[in-house]
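Scroll down for the structure; my scribbles are underneath it.
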Amino acid sequence: MALFTVRPTRLDQLTADFVAEHTNRTIEHAAGALTWAGDEHVLTVLALGWWIACRNKDAVARRRSDHILLTAVAAAVLPHIVKKLVNQERPDRRTVYGHLHGVPFSGNKYDAFPSGHALHAGALASAATTLAPPQRNSVWAATALLLATRVVLLAHWTSDVAAGFAMGVVLERLMRFVTGYGRAPAKRVSARAIRSKARAN
């Protein structure tokens, strides 16, 4: 039994109405295919595969893979907890025009808030801040495309996507305290350097 009911904002409704009136089956099929990239099962399996592949690599790679796997698992669990506490009807259940134009039905009727795909995307976008600019920008571009698919499919209101993304960012930052991801590696001081410093003093 949900404890809270979240209602869409005026901007949410205007955006959903625009999508319902201007989309078509080609757009919806393309968005439906692209949105699988943010599915919790797909991302968790990919994170697990990368974690296994990094077991024989250096400490930095292992720490990074530990962080991504733990964050992916946490990001898969958190939306289900929130959805148990919050009811919000999906925009695809409140349109006729949208379905005539190819909009599919997504998930459970009252599981709009938050967007689980957006939560995963937020976590990955946050983790990407430590990457080199070309890699980071690629992740961010893919994230933006993924977020757009959730709105185009009318699976979520715009505010659901924004909330999910913000939750993902916060979650990833909290997970850094557990995994140590993003911290500068401790510098090792050799015994010779210690003796040299002692003589100098």
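In terms of this note's numbering, the sequence shown is numbered consecutively and its last residue is 286.
Using N, Cα and C, we set each Cβ at its ideal position, and we do this for glycine too.
Terminal residues of the alpha helix (DSSP H) in which residue i lies
{"i": "residue 204", "result": "201 to 212"}
{"i": "residue 225", "result": "218 to 237"}
{"i": "residue 257", "result": "243 to 264"}
{"i": "residue 184", "result": "182 to 185"}
{"i": "residue 91", "result": "Neither: residue 91 is in no alpha helix (DSSP H) and is coded neither H nor E."}
{"i": "residue 111", "result": "110 to 119"}
Residue of the options minimising C-alpha distance to residue i
{"i": "residue 103", "options": "264, 258, 239", "result": "239"}
{"i": "residue 231", "options": "264, 199, 207, 155", "result": "207"}
{"i": "residue 101", "options": "131, 175, 136", "result": "175"}
{"i": "residue 234", "options": "194, 108, 99, 90", "result": "108"}
{"i": "residue 264", "options": "121, 88, 144, 99", "result": "144"}
{"i": "residue 93", "options": "172, 134, 106", "result": "172"}
{"i": "residue 157", "options": "257, 266, 188, 194", "result": "257"}
{"i": "residue 375", "options": "244, 105, 204, 187", "result": "The structure shown does not extend to residue 375, since the chain spans only 86 to 286, so no value can be given for it."}
{"i": "residue 88", "options": "97, 268, 224, 195", "result": "195"}
{"i": "residue 187", "options": "267, 106, 110", "result": "110"}
{"i": "residue 95", "options": "243, 126, 261", "result": "243"}
{"i": "residue 122", "options": "266, 259, 261, 229", "result": "229"}
{"i": "residue 120", "options": "202, 91, 211", "result": "202"}
{"i": "residue 192", "options": "224, 91, 124", "result": "124"}
{"i": "residue 163", "options": "260, 136, 227, 91", "result": "260"}
{"i": "residue 131", "options": "142, 106, 161", "result": "161"}
{"i": "residue 91", "options": "262, 266, 268, 248", "result": "248"}
Beta-carbon separation (whole angstroms), residue i vs residue j, contact threshold 8 Å
{"i": "residue 177", "j": "residue 198", "result": "Rounded, the Cβ-Cβ distance is 14 Å, inconsistent with contact."}
{"i": "residue 112", "j": "residue 246", "result": "Not a contact, Cβ separation roughly 17 Å."}
{"i": "residue 133", "j": "residue 154", "result": "6 Å"}
{"i": "residue 200", "j": "residue 241", "result": "4 Å"}
- Any 3 or more C-beta pairs closer than 8 Å across the segment 140 to 159 and the segment 175 to 183: no
- Specify whether the segment 156 to 167 and the segment 243 to 260 touch according to this definition: at least 3 beta carbon pairs, one from each stretch, less than 8 Å apart. Under the 8 Å Cβ criterion, the segment 156 to 167 counts as touching the segment 243 to 260, having at least three qualifying pairs.
- Within the segment 134 to 203, note down every full alpha helix (DSSP H) run reaching 4 residues or more, in order along the chain. 144 to 170, 182 to 185
- Message: With a threshold of 8 Å, are at least 3 pairs of Cβ atoms found where one atom belongs to the segment 211 to 222 and the other to the segment 116 to 135?
- Response: Cβ pair count under 8 Å is below three, so no.
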